[in-house]
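Chemist: For the sequence shown, the residue numbers in mature numbering (1 follows the signal peptide of the UniProt record, and there is no 0) are -18 to -1, 1 to 389. No residue lacks a Cβ here, since even glycine has one placed at the ideal position from N, Cα and C.
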Amino acid sequence: MKFHMLILFHLMINGSFAFQSILSRYNLTLQTYPIVTVDGYILRLHRVITDDYFQSTPHNYSQSRKPIILQHGLFGASNNFFINSQESDYPIKNLTNTTCAKLNNIGICLLKTQRYDVWLPNSRGNFYSNAHLHLSNELSSFWKFNSDHMSAYDLPPTIEFIQNQTKHKQIAYIGYSQGASLMFQLLSSRPEYSKTINPFIAWAPPIYISHMTSMMRYLDTTIPFFQTTAGRFVPMEYLSNYIGSLVCDFSSHTNALCGRVLTSIAGPTNHLNQTRVPNYFQYFPSIASTWSVVQFGQWYRTNRFAYFDYGLIENYHKYGQYSVPEYRLENIPQDYNITIFHGSTDGFVSEQDTRKLIDQLLSYRINVTEYRIPSDTWNHLDFLFGIDAGRLVYEPTIQMLDRFLNH
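1) So what's TYR262 in DSSP terms, helix, strand or just coil?
2) Which of helix, strand or coil does DSSP assign to TYR353?
3) What is the C-beta distance between GLU312 and TYR346, in whole angstroms, given that I count them as a contact (C-beta under 8 angstroms)?
4) DSSP three-state label for ILE141, please.
5) Pairs of beta-carbons, one from the region 296 to 311 and one from the region 363 to 373, closer than 8 angstroms: are there three or more?
6) Would you mind reading off the limits of the beta strand (DSSP E) that contains HIS324?
7) Helix, strand or coil for THR327? Go by DSSP, reduced to three states.
8) Which whole-angstrom value describes the C-beta separation of LEU102 and LEU137, a residue pair presumed to lie in contact below a C-beta threshold of 8 angstroms?
9) Got a sec? Which residues, its chain only, sit under 6 angstroms from ASN128 by beta carbon, not counting five neighbours each side?
10) Check whether the region 43 to 52 touches the region 240 to 249, counting contact only when three or more Cβ pairs, one atom from each stretch, lie closer than 8 angstroms.
11) Quick check: what's the CA-CA separation for ILE191 versus ILE17?
12) Determine the direct distance from the alpha carbon of GLY302 to that of ILE380, and round the result to whole angstroms.
13) If you reduce the DSSP assignment to three classes, tell me which class ASP99 lands in.
14) Are the region 21 to 35 and the region 106 to 123 touching, with three or more C-beta to C-beta distances below 8 angstroms?
15) If you draw a straight line from the C-alpha of THR32 to the C-alpha of ASN87, how long is it?
16) With respect to the beta strand (DSSP E) encompassing ALA310, which residues constitute its N-terminal and C-terminal limits?
Here you go:
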């Protein structure tokens, strides 16, 4: 077995056990369901349930809670929504009386309300969804996918499965970063999903990113090479679970260095819990395909929310034209409700680019609720790891969700 396969096995096994160990501190249980896409990828869909599930019936549990999807971003995984709190600080006996502002954990906050049934997909390629019916992940052909495939082939069967499992027709959706752009892609290409996804809450949606200040913008120079070379994006795979977790915990100096790495990617912030940085690197970043990274580079370079650019000849084969078609946001039905959360110092999705998106959606008469995080600094990763995320993001998010609870 090759070395990087050993790493993948380590990530998958330790990731699952580590995720359940976090949940166990709150007396929560992790359920896993396989989702097979039409193009053969085997995805792991996670669901986190409370003790009420076992004290009643699965039907009663589902009927008393609205299903909600928490969709991770690029280099993310399902566990990202449960790792912000230092779990030992909040024993289960105090959970009922503990505010969301103190918990700083969106997954726990949602379950604590007893109003939401929390589902967490894993996009193809990350360490939970790294299998295929016919292709080994050793092959470059396994990695020939981008966000176009995720929105078209991963989200629909996931949504349908949750509907069948819970018997709910409507599902709430929180998309973080790429998780938000995936839903914009789906709604633009298949507007009928606007009847199913209600509401849609987008945290830091990277639809337009031409004013990015993150160091990720320098990956733009790799587009010509990676555009025709499919594979796993190796740097993040090794950075996260080996170099990151070991180096960041080595000394106060290396810990500070790791913090600077995060801010160089995500933007300036005074909300980073420096002592938790080694813990974050145990779970983040996960694995992704090079084409997923390239597609963001293409959006950065062209300032267009478009399909993947394969090059002139392949574009003609796939799209019937040499140029790359855009996702038509105007296809999203008028009066559809979208809430957009954005931060003031987001290095990946600038306020200028967010304003362009909001103004465009409003011009199409789409109902947009804008929520700017009320802080002088709030970067891209603060949505997941910010010290004050419970107070500044999660409580307002749940207030927005509750407006559509009975819809």
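Modeler: On the basis of the data shown:
1) helix
2) strand
3) 5 angstroms
4) helix
5) no
6) 319 to 324
7) coil
8) About 13 angstroms separates the two Cβ atoms, so there is no contact after all.
9) TRP273, SER274, GLN277 and PHE290
10) no
11) 31 angstroms
12) 43 angstroms
13) strand
14) yes
15) 15 angstroms
16) According to the sequence provided, residue 310 is Arg. The question's Ala does not apply to it. First-last for ARG310: undefined, no H or E at that position.
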